[in-house]
Each structure stands twice: as C-alpha cells, then as structure tokens.
Amino acid sequence: MLEAVRLVIWDLDETFWSGTLVEGGLNENIHYAETVKELSKRGIMNSICSKNDFSSAREILERLGVWDFFIFPSINWSSKGERVQGIVDGVKLRPETIMFIDDNPMNLREVLSVVPNIQIENEKFIPRLLSDPRFVGKNDNQLKRLADYKILEAKNEVLESRGGDSHAFLRDSGITVELDYDIENNLPRVIEIINRTNQLNFTKNRLSDDTHEAEKQIREEISHYDRHAALVRVRDRFGDYGYVGFFLQARGAGYNNLKHFCFSCRTLGMYIEKWIYDYLGDPDVNVIGDVLTDLSDATIIPDWISIYQPDLSEVEALKGTGGTILLCGGCDLDAVSHYVKATFSRTALFANTMRLGAEIRRDHSSMLRRAFEGLHDDDGLFLRQLGYSTEDSALGILPSDVDVAVLSFWADMFYPLYEVVRRGYRMPYAPLLGCGHTNIEDIYEIDLWNRGAVPENIEIFRFAKANLKYLSVIDKEEFQDNVRTILGYFRPDARIFLMNALQQVPKDFEWTRARHYQLNEWQAEIAQEFPNVVLVNVDEFMSRPEDAVSSTHFVRDFYRQVGLHLCSAALE
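In the numbering used here, the protein residues as written are 177 to 748.
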C-alpha cells in the first residue's frame, strides 16, 4: 500500500505548465499553480526538478505568484536522477513519502533507479491528484510547514556556501533550546509529537487515537511526583522551529529513565535529541525500533546548542549568570534541580539514592556532615559493609566553590539514628525501601525476604544488627550542631537556603505535622544566627491542597515553582 505523500517534485515543461519554455511554446494561462497552493495548505510540500534555464523559469513562476511555494527547486540541464536524490536528502523525508511527476517516461525510470521506492506518476495523473487519498494531508492554512521548510532550505544554502562543514555551520547557526513545562496548555502538540514522530521517536509509546483518551493518558503519566516532562522548542538565526520534541522522565533515588523521548525530523542533523539526552543526565531509555541517532555515541558533542535567552531579566532564561549551585536533599531537590540548572553555570546535586533496593539517606544531616568533614580512618570500609559506597560521602565539589546552596533536611524528621558500636558516631540505616522508619531490632530476616531482598541485603542486615544500636530520630541539639558545622564550610558570601517542611500536610499525613513544625522551628533559630541563610516556606508554592501527594512529595508544578523562586532569590 502506497504511503501518504508529503512532498511532490514537479517537472515544469508539459507537466506543471502547458508547453515548453525554451521552445517559446509556453502557455502561461494553463498551469497548476492553484494545485501547488492547495497542497501547501494541506501541509504537503512542493519542489521542482526541471531541465530549464533557472532565471527564466523563476521569472515565470514569480509572475504566476507561485515561486515562494516551492522548496529546494532544482532547475538546470543536468540529469534528473541525482538531482531528485539531492532534493530527497535536503528535505530529509523518506522516498516512500515523495512523489515525482514528469511527462517523460525516461526521466521517471531514471529517477526510480537512483531513488528506489519513490512514487512516480506522469502528467495525466495531475487532474485527479487533489482527490487522491494520499494527498489528504493536514490542515495548514497558515503555511507553517512551508515556513519550516523554507528555514531548512536557507540553512542548506549556507551550509553549501561553507563547503559542507556541518559542525562549523551548526556553531554559526546560534541554535537554542527552550524547555516549556506547560504541558496542560499544549496537550494537542504533545500528543501529536508522541503519535506522529517515528525516526527520532526513541520510545514509541503511542497514545490513544481518541483525543480525549490521549489527553487523559498523558495527564495520568505526568501526574506522579517523580515525573519531569517538557516540550522542546528550538530556535536559530534562521527562524523558530516551534515545539519539535517532548520528553517524560521518571527520576528518583536510584532510578532515572525515559517514558517518552520523541522528536520531529524538522531539526534532524542538529542533534537536539542528543543534547537533551545529555542534559537530562543520560537516563535509561528502552529504544524501540530503528532511530537515526545513537544516544550513546560519545563522539557526538553538540556544543553548538545552548539554552534560549529571550530576556536576561527572565529567570528561566538565565544561563551561567548564577555561578555554582549545590543542592543537598532528597527527591524533592532532585526534582527541583531540573528547574535551576539553566540559570547556573554549574549545578551539583547531593541527594539520597538507592542501592540493592535499600535507601541510602546521605541527605540526613549526620551523613551530609560526614561528607563535608571527610571520612576518617577506616570509616569507608565500615560504611561499605553497611551498603554505602565511598561515593556516597563525596560531594563532588569544594564548599568554597559554592555560590548558592540549597539544603533540605526532611530526612531528619523520620529516619532514626543508630550509634555505631565502639565508634561513637551516629548515622541512619534503612535495610530496604519502606523499612527506614523502623527500628531494625524489630525487623527479622524473613521480613526482608518477603520484601524481595537479595542475599547481599541479608549480609548487610546481619552486619548492621551486630554493629548498630538504635537511638531515635535526631534531637534539636544534635540537628543544630550538624547544620552549624555544615554551614561553617561555606563562604560567608554564599547564599544558603534551608527548605522548611510543609505545614499544610494532607489529612492522611496528620501524624507528621508535629515533626514538620519542630524542624521548621529548629531551622528558624539557625537562620537567625547566619546572615546568609534564608528559609524557604514551601507552603507558598501550594496552589491547592491536592498538590501535596504526601507530606514530602508533590505534583511536578510545585517543584518548578520552587526552582524559579530559588533562581530569583539567589540572583537578587
């Protein structure tokens, strides 16, 4: 079955118009200019491959008011096979979606031999072209698709003038990327990108063909607190490509993967998809089917792309003006980090993680303090026997290099401390996800096996039972001592933000309220001691009660608003 046509390549003489230009027999009253215009309004492009004098042919087409409706016109006296191939390469469409129309059977055979699978027809087909089901197209009365291809055409002309050095051309193109997190108001475009892209759709998780059902699906998919979704808008000095991509990332402690990762071929060759993939931290992605870009190819370094900067007064557009930011916390700051990285020249994240299904709460003040102070003696060996790694105590950045720090000690509210026998220091320990708030003296090996433990978990658990003594959740004195010690490592001129705990806790989490208020009181006292410390009242970013999924997890827009607030406050 023949595919829908996305481009028609026209011969001119005895095909597009009646007569032959060079022989002086051209009848300018008989032509298919209106057909070309109608195709353009359907989003179907038109090109030319004709043996003629370029200037003479262009003059007539301009007189007919149709010249600007053609893209990549090839008008000269060379053979048509290679020229049609050049048009195909330029428009970046598959031959199966292109039709070549010519009155000369020899030209048709030549083109088909050079460009296999291209659709071909002679001039007799043209009168019924618009009624053929392959030319239904998609309403584009604004001719946006034509405008996009005109940009591509202009870029190709510049590239040719540079001798084909594509990377030099890309670096000179001023390519910028803008991430738009307003999914709700752009659902039709999100659905279109997911369902209609193919060659740069890495995940191919299609939505329902029913619009309402598709909207319901995407809303549900992005509703989880650990989901990060955005439309990708691209611009360069040739024009604005609009929304050309969409991604949906699931990221949290110990996992980082892509549910949707799809892009239009409109920006093929710019490597927007590779830049976004790197920007998101090289997440896991299950690539479905054939795609045009190898995301794992380390030789592709799209350093010609940068974050869009419409106005340096707009917080979201700032790039590199905010210095270095360090975020230390749980999945809350992991989520927030997405919305601050464009503002700062360097973003460092020190967050909780997962290993073998167990929580590594390095965001607890006791563990963060150890990361700042450094490990002593054989602490590293001891921690490894408890499931930690040496990397869990590595900040990855010198505190003296930090311009802005955001600290979230929400883990201190609920994760109990254990005293390390014969060592004196204290630390949290969670044998498996869901066991972090429970005294390990009340947990047995069978409980871990029932939760899906592996032998390594049991070995670590036995070591913990033999070497850790349960205390309780942290008290005021120890908490404030930890925080004061941590703050002492930053420069006096560094801006420090302490994340207060939510006070408007959901009804199902009323039991957390007292602990939340307690943490906020302790942090308020600390803030009074340090002139460079500012408290962040997260309740201000709650648009409605439903924004709180739990007492410490929120809908995605909450994290975006927190990120924008931090950027704005840090740069005041």
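All residues carry an ideal CB built from backbone N, CA and C; glycine is no exception.
Where do the N-terminal and C-terminal ends of the alpha helix (DSSP H) with K645 fall, by residue?
-> Residue numbering aside, residue 645 sits at position 469 when the sequence shown is read from its first letter. Careful: K645 lies outside any alpha helix (DSSP H), inside the beta strand (DSSP E) at 644-646.
Do you know how far the Cα of Q737 is from the Cα of A518?
-> Residue numbering aside, residue 518 sits at position 342 when the sequence shown is read from its first letter. Residue numbering aside, residue 737 sits at position 561 when the sequence shown is read from its first letter. Answer to the nearest angstrom: the Cα atoms are 14 Å apart.
Proximity of I274 and I481 at Cβ, strictly below 7 Å = Position 98 of the sequence shown, counted from the first residue, corresponds to residue 274. Position 305 of the sequence shown, counted from the first residue, corresponds to residue 481. For I274 and I481, no; Cβs fall outside 7 Å.
Take the Cβ of N228 as the centre, count every other Cβ of all protein chains shown within 10 Å, and call the residue buried at 16 or more, exposed below.
-> Numbered from its first residue, the sequence shown carries residue 228 at position 52. Classification of N228: buried, given that the 10 Å Cβ count is 16 or more.
Roughly how many angstroms lie between the CA atoms of K683 and Q694, to the nearest whole one?
-> Locating residue 683 in the sequence shown gives position 507, where the first residue counts as 1. Locating residue 694 in the sequence shown gives position 518, where the first residue counts as 1. Cα to Cα, K683 sits roughly 18 Å from Q694.
Could you have a look at E190 and say whether DSSP puts it in helix, strand or coil?
-> Counted from its first residue, the sequence shown places residue 190 at position 14. The answer is coil: DSSP assigns E190 none of H, G, I, E or B.
Measure the alpha-carbon distance for E701 versus V709 and round it to whole angstroms.
-> As a first step, residue 701 is located in the sequence shown; it is residue number 525 there, counting from the start. As a first step, residue 709 is located in the sequence shown; it is residue number 533 there, counting from the start. One C-alpha to the other measures close to 11 Å.
Proximal residues to E258 (C-beta, below 8 Å), its chain only, five neighbours per side dropped = Locating residue 258 in the sequence shown gives position 82, counting from the first residue. Cβ neighbours of E258 beyond the five flanking positions: V290.
Beta-carbon spacing of D279, E190 below 7 Å | Stepping through the sequence shown from its first residue, residue 279 is reached at position 103. Stepping through the sequence shown from its first residue, residue 190 is reached at position 14. Against a cut-off of 7 Å, the Cβ pair of E190 and D279 comes out as a contact.
With DSSP run on the structure shown, which of helix, strand or coil describes D756?
-> Because the chain is modelled from 177 through 748, residue 756 falls outside the range shown and cannot be assessed.
Three-state secondary structure (DSSP) of A527 | The residue given as residue 527 occupies position 351 in the sequence shown. Looking at A527 - three-state DSSP - the assignment turns out to be strand.
Extent of the continuous beta strand (DSSP E) run through A405 = Counted from its first residue, the sequence shown places residue 405 at position 229. Taken as a continuous stretch (DSSP letters only), the beta strand (DSSP E) holding A405 covers 403-412.
Residue environment, N615, which counts as buried when at least 16 other CB atoms sit within 10 Å | Translated into positions along the sequence shown, residue 615 becomes position 439. Counting Cβ neighbours within 10 Å, N615 comes out exposed, since fewer than 16 surround it.
Between N222 and F245, is the Cβ-Cβ spacing less than 7 Å?
-> Residue mapping note: residue 222 aligns to position 46 of the sequence shown, counting from 1. Residue mapping note: residue 245 aligns to position 69 of the sequence shown, counting from 1. Yes, Cβ-Cβ distance for N222 and F245 is below 7 Å.
Cutoff 7 Å; reference K641; Cβ partners in own chain excluding five residues on either side | Against the sequence shown, residue 641 aligns to sequence position 465. Closer than 7 Å at Cβ, skipping near neighbours: I616.
Please report the residue range of the alpha helix (DSSP H) in which E238 lies.
-> Residue numbering aside, residue 238 sits at position 62 when the sequence shown is read from its first letter. Its alpha helix (DSSP H) spans residues 230-239.
Can you have a look at E490 and say buried or exposed, based on whether 16 or more other CB atoms are within 10 angstroms of its CB?
-> The count along the sequence shown starts at 1 and reaches residue 490 at position 314. Caution applies to E490, whose pLDDT of 39 falls short of 50 and renders its modelled position unreliable; the model cannot decide the point.
Test item: CB-CB of E297 and I277 under 7 Å | The count along the sequence shown starts at 1 and reaches residue 297 at position 121. The count along the sequence shown starts at 1 and reaches residue 277 at position 101. It is a contact, given that the beta carbons lie within the stated cut-off.
Close beta carbons around A547, own chain, < 6 Å, minus the five adjacent residues each side | To locate residue 547, count along the sequence shown from 1; it is residue 371. Excluding positions up to five away in sequence, the list reads S569, L571.
Which residue comes first and which comes last in the alpha helix (DSSP H) that contains Y453?
-> Translated into the one-based positions of the sequence shown, residue 453 becomes position 277. From DSSP, the alpha helix (DSSP H) with Y453 extends over 448-455.
State the Cα-Cα distance for the pair E238 and D458, rounded to the nearest angstrom.
-> Sequence index remark: in the sequence shown, residue 238 carries index 62 (1-based). Sequence index remark: in the sequence shown, residue 458 carries index 282 (1-based). Those two C-alpha atoms are separated by around 49 Å.
Could one say the Cβ of E686 lies closer than 7 Å to chain D's Cβ atoms, at least one of them?
-> No chain D appears in this structure, which consists of one protein chain only.
Identify whether E179 lies in helix, strand or coil by the three-state DSSP scheme.
-> As a working note, residue 179 is residue 3 in the sequence shown. Looking at E179 - three-state DSSP - the assignment turns out to be coil, as it is neither helix nor strand.
Same chain, Cβ closer than 7 Å to S576, neighbours up to 5 away in sequence not counted | Locating residue 576 in the sequence shown gives position 400, counting from the first residue. Correct list, in chain order: R667.
Roughly how many angstroms lie between the CA atoms of L269 and E397, to the nearest whole one?
-> For the purposes of this step, residue 269 is taken as the residue at position 93 of the sequence shown. For the purposes of this step, residue 397 is taken as the residue at position 221 of the sequence shown. Rounded to whole angstroms, L269 to E397 spans 31 Å at the Cα level.
Closest by CA to N315, which one among Q679, P364, S216, G445?
-> Residue numbering aside, residue 315 sits at position 139 when the sequence shown is read from its first letter. Residue S216 is the option with its Cα nearest to N315.
Sorted by chain position, which residues of the same chain lie with C-beta nearer than 6 Å to L363's C-beta, five sequence neighbours on each side aside?
-> In the sequence shown, residue 363 corresponds to position 187, counting from 1. Here the set comprises E391.
Beta-carbon proximity check, M603 vs S542, cutoff 7 Å = In the sequence shown, counting from the first residue as 1, residue 603 sits at position 427. In the sequence shown, counting from the first residue as 1, residue 542 sits at position 366. Yes. Within cutoff.
Cα separation between T196 and K256?
-> If you number the sequence shown from 1, residue 196 lands on position 20. If you number the sequence shown from 1, residue 256 lands on position 80. Computed Cα separation, rounded: 17 Å.
Roughly how many whole angstroms lie between the Cα atoms of H729 and C507?
-> If you number the sequence shown from 1, residue 729 lands on position 553. If you number the sequence shown from 1, residue 507 lands on position 331. Rounded to the nearest angstrom, the two C-alpha atoms are 8 Å apart.
DSSP beta-bridge partners for K227?
-> In the sequence shown, residue 227 corresponds to position 51, counting from 1. BP columns for K227 point to N252.
If we call anything under 7 Å between Cβ atoms a contact, is I224 one with W186?
-> Residue 224 sits at position 48 when you count from the first residue of the sequence shown. Residue 186 sits at position 10 when you count from the first residue of the sequence shown. The answer is yes: Cβ separation under 7 Å.
Between the C-alpha atoms of D733 and E535, what's the straight-line distance to the nearest angstrom?
-> In the sequence shown, the residue the question calls residue 733 occupies position 557. In the sequence shown, the residue the question calls residue 535 occupies position 359. One C-alpha to the other measures close to 26 Å.
Check each candidate in N462, I483, Q485, Y447 and name the one with the smallest Cα separation from D473.
-> As a working note, residue 473 is residue 297 in the sequence shown. Checking every option, the nearest Cα to that of D473 belongs to Y447.
So what's A534 in DSSP terms, helix, strand or just coil?
-> For this step, residue 534 is matched to residue 358 along the sequence shown. It is a strand residue.
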